[in-house]
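Structure, as structure tokens:
Protein chains: 2
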Amino acid sequence: MIELPLLSRDAAEAEAVAAAGAAPAACCGPLTREAITAPEADVFARKLKALADPVRLRLVSIVAASEGQEACVCDLTEPVGLSQPTVSHHLKILTEAGILSRTKRGTWAYFRLVPGALEAIAAPLVSV
Amino acid sequence: MIELPLLSRDAAEAEAVAAAGAAPAACCGPLTREAITAPEADVFARKLKALADPVRLRLVSIVAASEGQEACVCDLTEPVGLSQPTVSHHLKILTEAGILSRTKRGTWAYFRLVPGALEAIAAPLVSV
DNA sequence: CGACTATATCGACAGATGTCAATATACGGG
DNA sequence: CCCGTATATTGACATCTGTCGATATAGTCG
């Protein structure tokens, strides 16, 4: 097994998931069943933080709702009205959280929603 | 209709919801159906931010998993290992976001999970 | 009333976060 | 091979956030 020091744990999992065709796993059981442990809370909070920004929510939504469910940075800069470096920054956070995946084709970087990523984040929030 | 300047919009909605016996409404449709608008993203990000902290996740979970689904500040300080003012601060954020409700009985302030609040946050994340 | 307890608020402070301009890197085309 | 374009990285900066100790507020019980 080769180490992937440049990839976060979440991004690495997302990549493995894509290769295997499986869906990302939820971090933990339902919050309401029994008290979440501190380490589980850290992991879950990291994922929620990645999503808890109006710009990043819009980026995820635009990517997911796009033709072919993918978009490049150049498609995203104008809709959110921010500079290219800022958009790249947000996309990096979303990718490292395992929410988006990045594929480079030529000069362009295409981003896609990782299948099941949002559902995995939602899972601990629903009662049963 | 009386104004409630001391309560956030979310807390006010949560209170109305409790009075009517209804469940909190989701901020918007599924992220993946069509692109979320900027104002919707702001509202949704505010709710996610309230939850996107390891301490607050644990507080919500401890409250929800408690006997009688409620807990007072004194029950919560020790489990999370933080000072009382800090715990009060986090509880205020959760209450203003409409996730917890606060009831004062005697000297104690009891916090409960607002029914349906977590599901309302999860709703836009699930595909259909 | 006066002491004690539970909670909230305030002020301060370190560290995280979102943003941009400038720059670096990588790729494709003449 | 050099230029133009797309993206990523860096450095700087203002703002937000989580934490604490100190203090204020409010309720209980002698």
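In order, the protein sequence lines correspond to chains X and R. Take 1 as the starting number for the first sequence in the numbering used here and just add one per residue. Take 1001 as the starting number for the second sequence in the numbering used here and just add one per residue. Don't be surprised by glycine CBs; every beta carbon is placed ideally from N, CA and C.
Could you tell me which residues DSSP pairs with residue i in its beta bridges?
| i | result |
| --- | --- |
| lysine 47 of chain X | Beta-bridge pairing links lysine 47 of chain X to no other residue. |
| leucine 1100 of chain R | R:Leu1113 |
| arginine 1009 of chain R | Paired residues: none, contrary to the question. |
Considering Cα atoms alone, identify which of the options is closest to residue i.
| i | options | result |
| --- | --- | --- |
| valine 1114 of chain R | R:Thr1107, R:Pro1124 and R:Arg1102 | R:Arg1102 |
| alanine 215 of chain X | X:Gly98, X:Ser88 and X:Lys92 | In the structure as shown, chain X starts at 1 and stops at 128, and residue 215 of chain X therefore has no counterpart that could be examined. |
| glycine 1116 of chain R | X:Thr86, X:Ile93, X:Val128 and X:Ala12 | X:Val128 |
| glutamate 1034 of chain R | X:His90, X:Gln84 and X:Ala65 | X:Ala65 |
| aspartate 10 of chain X | X:Val43, X:Lys104, X:Arg105 and X:Pro85 | X:Val43 |
| isoleucine 36 of chain X | R:Val1055, R:Ala1041, R:Ala1025 and R:His1090 | R:Val1055 |
| arginine 105 of chain X | X:Val73, X:Gly81 and X:Glu96 | X:Val73 |
| cysteine 1028 of chain R | R:Thr1107, R:Ala1041 and R:His1089 | R:Ala1041 |
Is residue j closer than 8 angstroms to residue i when the C-beta atoms are compared?
| i | j | result |
| --- | --- | --- |
| leucine 1031 of chain R | valine 60 of chain X | yes |
| alanine 1120 of chain R | alanine 45 of chain X | no |
| alanine 122 of chain X | alanine 1122 of chain R | yes |
| arginine 58 of chain X | alanine 1050 of chain R | no |
| leucine 1094 of chain R | arginine 1112 of chain R | no |
| glutamate 70 of chain X | tyrosine 110 of chain X | yes |
| leucine 118 of chain X | leucine 1118 of chain R | no |
| serine 8 of chain X | glutamate 67 of chain X | no |
| leucine 82 of chain X | isoleucine 62 of chain X | no |
- prompt: In the segment 1048–1072 of chain R, which residues sit with their C-beta less than 7 angstroms from some C-beta in chain X, listed in chain order?
  reply: Leu1048, Lys1049, Leu1051, Ala1052, Asp1053, Pro1054, Leu1057, Arg1058, Val1060, Ser1061, Ile1062, Ala1064 and Ala1065
Segments assigned alpha helix (DSSP H), at least 4 residues, entirely inside the segment 26–89 of chain X: Taking only runs of at least 4 residues, the alpha helix (DSSP H) segments lying wholly in the segment 26–89 of chain X are 38–51, 54–64 and 73–80.
- prompt: What residues in the segment 1022–1041 of chain R bring their beta carbon closer than 8 angstroms to a beta carbon of chain X?
  reply: From the segment 1022–1041 of chain R, only Leu1031, Thr1032, Arg1033, Glu1034, Ala1035, Ile1036, Ala1038 and Ala1041 have a Cβ closer than 8 angstroms to chain X.
Residues of the segment 1089–1121 of chain R whose Cβ lies closer than 8 angstroms to any Cβ of chain X, in chain order: Leu1113, Leu1118, Glu1119 and Ile1121
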